[in-house]
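Inspection log for the structure reproduced underneath, given as structure tokens.
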Amino acid sequence: MYAVVLTFAATVWSAGLEAGSAGPPPFSDYAATARYVVHNNDWGSLASISTHPPFNGKPFTNVFSVSDGPVGNGTGVLYFFVSPLDVTVQDLAVNPNASLSMSEVESGYCTSEKWDAEDPRCAKIVLSGKIVTVPQHETDFAKTALFSRHPIMAEWAKIQTHKFYFAKMEIENVFVLDFFGGGNIVSPEDYYNANV
Ligand SMILES: *[C@@H]1O[C@H](CO)[C@@H](O)[C@H](O)[C@H]1NC(C)=O
Ligand SMILES: *[C@@H]1O[C@H](CO)[C@@H](O)[C@H](O)[C@H]1NC(C)=O
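Sequence positions in the sequence shown follow mature numbering (1 follows the signal peptide of the UniProt record, and there is no 0) and run -22 to -1, 1 to 174.
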């Protein structure tokens, strides 16, 4: 009896936490969940089609530090600070199609719920599209977005030989798996217009 009451109290408490601004959106709001995971991640795994032996022709995933805006000001646009010396960037010069995978694990929420990374409730997001150079008028924002969350990038910018530049993904597809029953496709329009 005691245990039942305690369990109930704990459920109400955690439901209250989820409703708070710090918690994730309801799982059924797939667009908002995608934006939440993107904004609360500092990195993701980016897959390109490899042009480098022995991986050529195969998907090649590589870790990239990303930002969609300063903390509290996410835009949904994924910005990267990359160098042409990077093997993935060389792949993208041949084929700009890429997919980025991110997990809600990064925010600490899944761990606090004791959910394994592969638990369907621990949100997984895959965004795909083309990686392009950030246009001149947008570089100030890309720089603020990235350098505010990855201060070391200011040092990378000084390494002349590496020729780091700002890139972003032109998102074409969004896949969200955040509950039992399989994944969901979110249109880029719904993703950018999500209520976050
Ligand atoms: C978010 O962006 C707005 C408009 O550019 C700015 O006024 C505000 O200070 C920013 N807030 C944060 C937390 O960066
Ligand atoms: C990139 O993906 C698009 C489909 O979104 C496809 O039409 C195009 O051929 C691909 N580009 C290359 C270089 O494979």
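We put the CB at the ideal spot given by N, CA and C, even for glycine.
Taking the C-beta atoms as reference points, valine 104 is found nearer than 9 Å to asparagine 151.
If you look at tryptophan 134, you'll find it isn't in any beta strand (DSSP E); it sits in the alpha helix (DSSP H) that goes 131 to 134. In summary, threonine 66 is buried, with 16 or more beta-carbon neighbours lying within 10 Å of its beta-carbon over all protein chains present. A straight-line Cα-Cα distance of about 21 Å links lysine 102 and asparagine 51.
Three or more beta-carbon pairs drawn from the region 67 to 80 and the region 30 to 50 are found closer than 8 Å, and the two stretches are therefore classed as touching.
Between the C-alpha atoms of phenylalanine 153 and leucine 24 there is a straight-line separation of about 14 Å.
Scanning Phe59, Leu63 and Asp168 for the CA closest to the CA of lysine 121 turns up Phe59. Here the region 154 to 169 makes contact with the region 11 to 21; the two share three or more CB pairs at distances below 8 Å. Here histidine 128 has Ser43 as same chain residues with Cβ atoms under 6 Å from its own Cβ, once five neighbours each way along the sequence are excluded. Judged by the Cβ position, isoleucine 27 qualifies as a neighbour of ligand 2 at the 8 Å threshold, a heavy atom of the ligand being closer than this.
Shown here for isoleucine 109: same chain residues with a beta carbon closer than 6 Å to its own, the five before and five after excluded, namely Leu70, Pro74, Ala76, Ala145 and Met147 in chain order.
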